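Presented below is the structure to which this report refers.
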Amino acid sequence: MALGAAVAGGCAMAGWLLLGDEEPKAPAAAPSASGAPDPSTGTEPDPEPTAASSSASPSPSAAPPYTVVRDDAGFSVAVPTGWERSHDENGSGSFYRRPGDRSALVQIFRVTEPDSVGACELLRISSNTLGSNPGYREVSVEAAPGKSCELVYEYDSAESQGRRRGIERIAVSPDGRRWALLAAGPAADGAAVRANLTAAVESFRPD
203 MALGAAVAGG
213 CAMAGWLLLG
223 DEEPKAPAAA
233 PSASGAPDPS
243 TGTEPDPEPT
253 AASSSASPSP
263 SAAPPYTVVR
273 DDAGFSVAVP
283 TGWERSHDEN
293 GSGSFYRRPG
303 DRSALVQIFR
313 VTEPDSVGAC
323 ELLRISSNTL
333 GSNPGYREVS
343 VEAAPGKSCE
353 LVYEYDSAES
363 QGRRRGIERI
373 AVSPDGRRWA
383 LLAAGPAADG
393 AAVRANLTAA
403 VESFRPD
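Be aware that the sequence shown starts at 203, since it is given in this note's numbering, and climbs by one per residue.
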């Protein structure tokens with residue numbers, strides 16, 4: 203789907219991440235930085251490995267407090283243990299949350315924009331769209347290994363009861379497909395948001 207479908211930041215693309223009803227929607231062609239979820243709160247992105255960057259695709263594994271889940275959308279990924287697939291969402295892709303708690307989430311969806319539009323360009327478009335969210339602030343847009351890029355942003359979120367930090371990574375799988383992986387949560391717990399994104403990126407394996 204297009205990056206612009208994300209809930210957290212609305213880009214012009216229709217496949218963006220949609221992280222929640224309260225969250226702004228991102229365009230499908232824009233980077234998943236804003237994905238459907240509210241922009242998550244956190245700190246500047248730390249270097250992370252590119253999701254599914256190796257040619258071999260061994261079975262993913264995860265150490266506590268994460269568990270690898272198999273998603274019907276065609277991939278496996280690690281999420282915090284106890285989190286479940288959420289179907290009560292306005293955005294595109296797959297959402298995972300702790301049952302009964304909408305303060306944080308992990309969202310994953312396919313990027314359908316043409317490869318001619320670079321990953322960082324997509325995320326900048328997404329960030330511009332997310333600018334319509336209350337208190338939106340772009341923290342950074344930085345290139346990552348393997349033709350990937352990462353957007354970090356924050357905004358005011360009722361679900362997170364204050365500032366929310368979002369970290370969105372566009373990654374390339376061995377077969378050349380691009381995916382958006384997004385983690386969002388209270389900005390005051392930015393380290394947890396970063397850890398959730400790192401676990402997802404390192405374990406992500408498309409079918």
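No residue lacks a Cβ here, since even glycine has one placed at the ideal position from N, Cα and C.
As the structure is a computational prediction, the values presented were derived from the model and not from experiment.
- Task: Could you spell out where the beta strand (DSSP E) holding Arg287 opens and where it closes?
- Result: 286 to 288
- Message: Tell me the residue span of the alpha helix (DSSP H) that contains Arg396.
- Response: 392 to 405
- Task: With DSSP as the reference, label Ser329 as helix, strand or coil.
- Result: helix
- Item | Between the CA atoms of Gly392 and Asp303 - distance to the nearest angstrom | 17 Å
- Task: Please determine if the stretch 300 to 320 and the stretch 333 to 341 are in contact, where contact requires at least 3 C-beta pairs separated by less than 8 Å.
- Result: no
- Message: So for Ala386, helix, strand or coil by DSSP?
- Response: strand
- Query: Excluding the five sequence neighbours on either side, which residues of its own chain have a C-beta within less than 7 Å of the C-beta of Gly458, listed in chain order?
  - Reply: There is simply no residue 458 to check, as the chain begins at 203 and stops at 409 in what is shown.
- By a C-beta neighbour count over all protein chains shown, 10 Å radius and 16 as the cutoff for buried, is Gly276 buried or exposed? exposed
- Residue range of the beta strand (DSSP E) that includes Glu340: 339 to 346
- Task: Report the three-state DSSP secondary structure of Glu352 (helix, strand or coil).
- Result: strand
- Task: Leaving out five residues on either side along the sequence, give the residues of the same chain with a beta carbon under 6 Å from the beta carbon of Ser278.
- Result: Pro262, Val270, Arg272, Arg407
- May I have the straight-line CA-CA distance separating Ser236 from Tyr355, to the nearest angstrom? Only weak support exists for where Ser236 lies, its pLDDT of 40 falling under 50; the value from the coordinates is given anyway. Each residue's alpha carbon lies about 8 Å from the other.
- Task: Would you mind sorting Ala389 into buried or exposed? The rule is 16 or more other CB atoms within 10 Å of its CB.
- Result: buried
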